[in-house]
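Each residue of the sequence shown is one higher than the last, beginning at 2 in the working numbering.
To start, the structure itself, in structure tokens.
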Amino acid sequence: MSIFEDVRTYDRLTGMRKILRRYFVMNAFDGALTTMGLVMGAFLGGLQDNSIVFFLGMSTATAVAISGFSGAFFAEEAERKKELRELERAMLSKLGRTSYGKAFRFATYGAALVDGVSPLAAALAILSPFLFLPVALAFLAAFAISFLLLFLLGAYLGTISRESMLGAGFKMVAAGGVALLASFLLYGVHF
């Protein structure tokens with residue numbers, strides 16, 4: 002069997018495609034909002050050094066990625082082991098070395114990988130302007146990329162649910178707006 006056939010089989014046995022899709026959107030969303038908050042904090046705080054904004058953002062995103070990877074791995078591993086043990090009891094046979102066992106392990110690692118990489122990728126996209134633009138433009142570009150990314154994630158959810166891509170996209174953008182407003186309000190309370 003080819004790797005693609007294996008993956009299709011694993012998906013059929015575990016339903017992992019839906020789980021991976023959810024993890025991708027949820028965690029890219031988390032990475033985007035976290036990074037937006039950090040960039041807004043840097044902007045409101047008057048931080049004028051691109052390298053520091055980039056470093057702070059990527060350090061935060063790396064922590065979110067590690068949290069996402071390990072949290073998803075531990076949670077999925079526990080759930081998959083439970084499912085496998087229940088299946089083994091029903092079939093009166095050990096399944097760890099069968100396609101079922103392999104599929105459950107693959108789904109666990111796949112979920113953890115998606116859960117870890119998606120917030121990091123979102124953060125990198127948002128922070129990339131700080132690598133090559135002057136600081137004022139980098140802030141503007143970072144906010145524009147943030148809202149574009151949120152819109153695209155929402156539009157993707159709209160296609161999955163067969164609802165309005167625009168409506169779903171704007172819901173995500175609204176959540177980003179709330180996050181920026183919260184940062185702005187926190188800044189006003191602090192100073």
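Yeah, the Cβ is synthetic: ideal placement off N, Cα and C, and Gly gets one too.
Problem - Rounded Cβ spacing between N28 and G69 (contact assumed at less than 8 Å) - result: Position 27 of the sequence shown, counted from the first residue, corresponds to residue 28. Position 68 of the sequence shown, counted from the first residue, corresponds to residue 69. At roughly 5 Å, the Cβ-Cβ gap stays under 8 Å, so N28 and G69 are in contact.
Problem - Collapsed DSSP secondary structure at E164 in the structure displayed - result: For the purposes of this step, residue 164 is taken as the residue at position 163 of the sequence shown. In this structure, E164 counts as coil in the three-state DSSP scheme.
Problem - Proximal residues to Y157 (C-beta, below 7 Å), its chain only, five neighbours per side dropped - result: Position 156 of the sequence shown, counted from the start, is the residue given in the question as residue 157. Taken in chain order, the residues that qualify are V26.
Problem - Residue burial classification, E77 (beta-carbon count within 10 angstroms, cutoff 16) - result: The residue given as residue 77 occupies position 76 in the sequence shown. Note on E77: 16 or more other CB atoms within 10 angstroms of its CB, so buried under the neighbour-count rule.
Handout entry: Proximal residues to S52 (C-beta, below 8 Å), its chain only, five neighbours per side dropped
Key = One-based indexing of the sequence shown puts residue 52 at position 51. Within its own chain, the residues whose Cβ lies closer than 8 Å to the Cβ of S52, once the five positions on either side in sequence are excluded, are F131, listed in chain order.
Exercise for the section: Please go through the same chain and pick out, in chain order, the residues whose beta-carbon is closer than 8 Å to the beta-carbon of F152, but skip the five residues on each side of it. Expected result: Position 151 of the sequence shown, counted from the start, is the residue given in the question as residue 152. The beta carbon of F152 is closer than 8 Å to those of G170, F171, M173, V174 in its chain, skipping five residues each way along the sequence.
Exercise for the section: Would you mind reading off the limits of the alpha helix (DSSP H) that contains D116? Expected result: Walking along the sequence shown from the start, residue 116 turns up at place 115. Counting along the chain, the alpha helix (DSSP H) containing D116 begins and ends at 100-128.
Handout entry: Identity of the residue in K82, L150, L154 nearest A104 by Cα
Key = Taking the sequence shown and counting its residues from 1, the one referred to as residue 104 is at position 103. Here the closest residue by C-alpha is K82.
Exercise for the section: Determine the DSSP secondary structure at K83, reduced to helix, strand or coil. Expected result: Within the sequence shown, numbered from 1, the residue matching residue 83 stands at position 82. Correct three-state label for K83: helix.
Exercise for the section: Buried or exposed for V65, please, with buried defined as at least 16 other CB atoms from any protein chain shown within 10 angstroms of its CB. Expected result: As a first step, residue 65 must be located in the sequence shown, where it is residue number 64. Classification for V65: buried.
Exercise for the section: Helix, strand or coil for L134, going by three-state DSSP, please let me know. Expected result: In the sequence shown, residue 134 corresponds to position 133, counting from 1. Taken through DSSP and simplified to helix, strand or coil, L134 comes out as coil.
Handout entry: DSSP three-state assignment for S68, whether helix, strand or coil
Key = Within the sequence shown, numbered from 1, the residue matching residue 68 stands at position 67. The three-state secondary structure of S68, taken from DSSP, is helix.
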